[in-house]
Amino acid sequence: MAEGGAGDLTAPEGKGGWIDLRTGPREERNALLARSLFDPGRAAEIAARYESEPELELAGRIEQGRLVGLAGWRREADGGVELRHLAVLPEAERCGIGRRLVRHALERSAAGRLVAETDDDAVGFYRRIGCTARPLGELHPGRERWRCELRRYGSREPEAADFEKIAGWPRSRAEAYYMFPSGGWPLRAERLQARAAERRLPTLMLDASGTPAAYANVYEDEGQWWIGNVIVNPELRGRGAAEALLLKLCRDAGERLGADELHLVCHSPNAKALLLYSGLGWEPYRILRKLGPELEPLAGIAMKKRLESTYSHYSGRNIKI
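Pasting the structure below:
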């Protein structure tokens, strides 16, 4: 269920991972780095700077044993990071790799914000992953430049008053059903709070201003860990909150619950969510027959994701997790 045509690259997470390219395979690294440069001939020079300058970091993404993308960034004095280089193999484009690379740079650096400069050709990508974009003018004749900024989301356990807000996020009976099939409509805060009390890792994401942005929790069923009750504040949709929430839950489930795999169910009419999950490495494995909010038949698509370690060893041909 890839976002684009290169569906063979959206492998289960057990076949993918992150590597530190400052010490990684130089030939493959430099060839990929060259794709992000105005002057590809400078790839070796730029790579050498990543190797020698401690404030620079270069990470690579592995899928099915191949290096398919990289991101390079610099830590800034104000606590942010500047994304300096981003490259994805042509056959891996539109599979969510670029989105993962940007988010990894932000999470890995523990920065509050990430900034990047780009041109008209790529500004749409940055907007789609939740960045704001400010025009800088034509720094080169005929080429508009943009400064893009992505803010990191914070998180905490929801309090009683938060559930009143969360209950108002579904904008329709269908959205309420996708979030909480047995919750009813209109959704009531006390039902959400009671369900959260029965589950693990109830998590509320907050944007940079402290506004609640997204919510979900984790529960155990027949020895498997599942994510449930996923919902995003409608005022903040399309800004990376859902992705930040899912990454947070994956990390916490591995560290705090000892999970090595997470599952979820996404309903067939919810195409945007299906594309989001697929782009983040979730793999469908079972179709469940369901009755929708109007008792119409629909499919519940069970998906799973292997939880990966931060960095893996990469030999240049095979990956060992």
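Taking the UniProt record's numbering, I'd label the letters of the sequence shown as residues 1 to 321. Ideal Cβ positions, reconstructed from N, Cα and C, are used throughout, including at glycine. From a predicted model like this one, the values you see are computed outputs, not experimental measurements.
About 5 Å separates the beta carbons of Leu86 and Ala71, which is inside the 8 Å limit, making them a contact pair.
Residue range 113-119 is occupied by the beta strand (DSSP E) that includes Arg113, with no alpha helix (DSSP H) assigned at that position.
Between the region 60-77 and the region 18-25 there are three or more C-beta pairs closer than 8 Å, enough to call the two in contact. Burial check for Leu262: the Cβ neighbour count within 10 Å reaches 16 or more, so the residue is buried.
Residue range 241-256 is occupied by the alpha helix (DSSP H) that includes Asp252. For Arg143, no alpha helix (DSSP H) encloses it; the enclosing beta strand (DSSP E) starts and ends at 143-151.
When rounded, the separation of the alpha-carbon atoms in Ala259 and Lys272 is 26 Å.
Nearest Cα to Gly183 within the set Pro54, Leu83, Gly292, Arg145: Gly292.
In the DSSP assignment, Ser155 falls within the beta strand (DSSP E) that extends over 154-156.
The beta carbons of Gly80 and Leu114 sit about 7 Å from each other, so the pair counts as a contact at 8 Å. Collapsing the DSSP output to three states places Leu106 in a helix.
C-alpha of Glu283 to C-alpha of Lys304: approximately 5 Å in a straight line.
The residue from Gln193, Leu201, Leu276, Ala208 with its alpha-carbon nearest to that of Arg94 is Leu276.
According to DSSP, residue pairing for Thr203 in a beta bridge involves Ala216.
By the Cβ test, the region 163-177 is in contact with the region 230-249, since at least three Cβ pairs between them sit closer than 8 Å. Here Pro297 is exposed: its Cβ has fewer than 16 other Cβ atoms, across all protein chains shown, within 10 Å.
The residue from Pro212, Phe180, Ser172, Ala31 with its alpha-carbon nearest to that of Ala244 is Pro212. Ala77 sits in coil when the DSSP states are folded into three classes, being neither helix nor strand.
By the 16-neighbour rule on beta-carbons within 10 angstroms, Tyr285 is exposed.
Residue environment analysis places Ala197 among the exposed positions, since fewer than 16 neighbouring C-beta atoms fall within 10 angstroms of its C-beta. Look at Gln224 here: in three-state DSSP terms it is strand.
A Cβ-Cβ distance of about 26 Å is found for the pair Gly238 and Leu307, leaving them out of contact under the 8 Å criterion.
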